[in-house]
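Order-wise, the sequence lines are chains A and B.
The opening residue of the first sequence carries number 649 in the numbering used here; numbering runs sequentially from there.
The opening residue of the second sequence carries number 11 in the numbering used here; numbering runs sequentially from there.
Following: one structure in structure tokens, then a few remarks.
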Amino acid sequence: GAGVSQSPRYKVAKRGQDVALRCDPISGHVSLFWYQQALGQGPEFLTYFQNEAQLDKSGLPSDRFFAERPEGSVSTLKIQRTQQEDSAVYLCASSDITGDDTGELFFGEGSRLTVL
Amino acid sequence: GNSVTQMEGPVTLSEEAFLTINCTYTATGYPSLFWYVQYPGEGLQLLLKATKADDKGSNKGFEATYRKETTSFHLEKGSVQVSDSAVYFCALTPKASGGSNYKLTFGKGTLLTVNP
Numbered sequence: 649g650a651g652v653s654q655s656p657r658y659k660v661a662k663r664g665q666d667v668a669l670r671c672d673p674i675s676g677h678v679s680l681f682w683y684q685q686a687l688g689q690g691p692e693f694l695t696y697f698q699n700e701a702q703l704d705k706s707g708l709p710s711d712r713f714f715a716e717r718p719e720g721s722v723s724t725l726k727i728q729r730t731q732q733e734d735s736a737v738y739l740c741a742s743s744d745i746t747g748d749d750t751g752e753l754f755f756g757e758g759s760r761l762t763v764l
Numbered sequence: 011g012n013s014v015t016q017m018e019g020p021v022t023l024s025e026e027a028f029l030t031i032n033c034t035y036t037a038t039g040y041p042s043l044f045w046y047v048q049y050p051g052e053g054l055q056l057l058l059k060a061t062k063a064d065d066k067g068s069n070k071g072f073e074a075t076y077r078k079e080t081t082s083f084h085l086e087k088g089s090v091q092v093s094d095s096a097v098y099f100c101a102l103t104p105k106a107s108g109g110s111n112y113k114l115t116f117g118k119g120t121l122l123t124v125n126p
């Protein structure tokens, strides 16, 4: 596709359920990022991949959060045993530049997770 | 640590009014500075950027100047249009050796509504 695609757009989970959020980046983009955006806040960095390598996962809030990008393209963010504080919009972004540059990130529309 | 503080909204203007959205930052060294915009129903997209002091970023009639002495990057537009209604995010990436230049730190966002 032309842009970054995320699915599902909306997800409602009961507390304790596991969820998986998918990101399909722009074809050929080396770098992929996940951000978390709570209501009324700016996005906050979660993790960064360069191809299939997860180079930075310092923003993941707990060991219940796990991200992978096994073939260097599609990425999945998994949240185990969801808690109410996990409710947020999860944004994926991709870029054709690597970490030492200040190029543009292309964002998807996000996946809105609501944990009841 | 790095942080971005931007003017709280919402901001409501009439068409053709002058717009200023204030943004100040705290960072070590000389970060790169960005304005991202999120139109209704769309993903975040880069509006403009500046990578060093006194640089001016500009796009679509919007401008922002990197002011090191005041650690600011205020967004301005001389005459807003209804189509400019969106949420605007100020952001920075550090400019440190050894990477991490990809890690955007965002402000909370400012909702702009332009009425005809």
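All residues carry an ideal CB built from backbone N, CA and C; glycine is no exception.
For residue i and residue j, I'd like the C-alpha separation in whole angstroms.
| i | j | result |
| --- | --- | --- |
| A:Gly664 | A:Phe713 | 13 Å |
| B:Ile31 | A:Arg670 | 34 Å |
| A:Glu752 | A:Cys740 | 13 Å |
| A:Ser721 | A:Val652 | 11 Å |
| A:Lys659 | A:Gln685 | 15 Å |
| B:Val21 | B:Ala96 | 10 Å |
| B:Leu23 | A:Pro691 | 25 Å |
| B:Glu79 | B:Thr38 | 14 Å |
| A:Thr762 | B:Thr34 | 32 Å |
| B:Gly108 | A:Gln698 | Because the pLDDT at B:Gly108 is just 49, under 50, the model does not fix this residue reliably, and the point stays unresolved. |
| B:Leu43 | B:Leu54 | 15 Å |
So that I know if they touch, is there some Cβ in chain A lying closer than 9 Å to that of residue i?
| i | result |
| --- | --- |
| B:Gln55 | yes |
| B:Val85 | The sequence given here places Leu at residue 85 of chain B; Val does not occur at that position. No, B:Leu85 lies away from the interface with chain A (no Cβ there is under 9 Å from its Cβ). |
| B:Leu114 | yes |
| B:Ala101 | yes |
| B:Glu52 | yes |
| B:Tyr46 | yes |
| B:Gly67 | no |
| B:Val14 | yes |
Could you give the first and the last residue of the continuous beta strand (DSSP E) run that contains residue i?
| i | result |
| --- | --- |
| B:Glu13 | It should be pointed out that residue 13 of chain B corresponds to Ser in this sequence rather than to Glu. Counting along the chain, the beta strand (DSSP E) containing B:Ser13 begins and ends at 13-16. |
| A:Ile727 | 723-727 |
| B:Lys59 | 55-60 |
| A:Arg663 | First-last for A:Arg663: undefined, no H or E at that position. |
| A:Asp704 | 701-704 |
| B:Tyr49 | It is not in any beta strand (DSSP E) - B:Tyr49 carries neither H nor E in the DSSP assignment. |
| A:Tyr738 | 736-743 |
| B:Glu73 | 72-75 |
| A:Ser653 | 653-655 |
Do we get a CB-CB distance below 9 Å when we pair residue i with the residues of chain B?
| i | result |
| --- | --- |
| A:Gln702 | no |
| A:Glu692 | yes |
If the criterion is Cβ atoms closer than 9 Å, does the pair residue i and residue j meet it?
| i | j | result |
| --- | --- | --- |
| B:Leu58 | B:Ala74 | yes |
| B:Thr120 | B:Ala101 | no |
Whole beta strand (DSSP E) runs in the stretch 664-694 of chain A with 3 or more residues, listed along the chain?
-> The stretch 664-694 of chain A is shown to contain whole beta strand (DSSP E) runs of 3 or more residues at 667-672, 679-685, in chain order.
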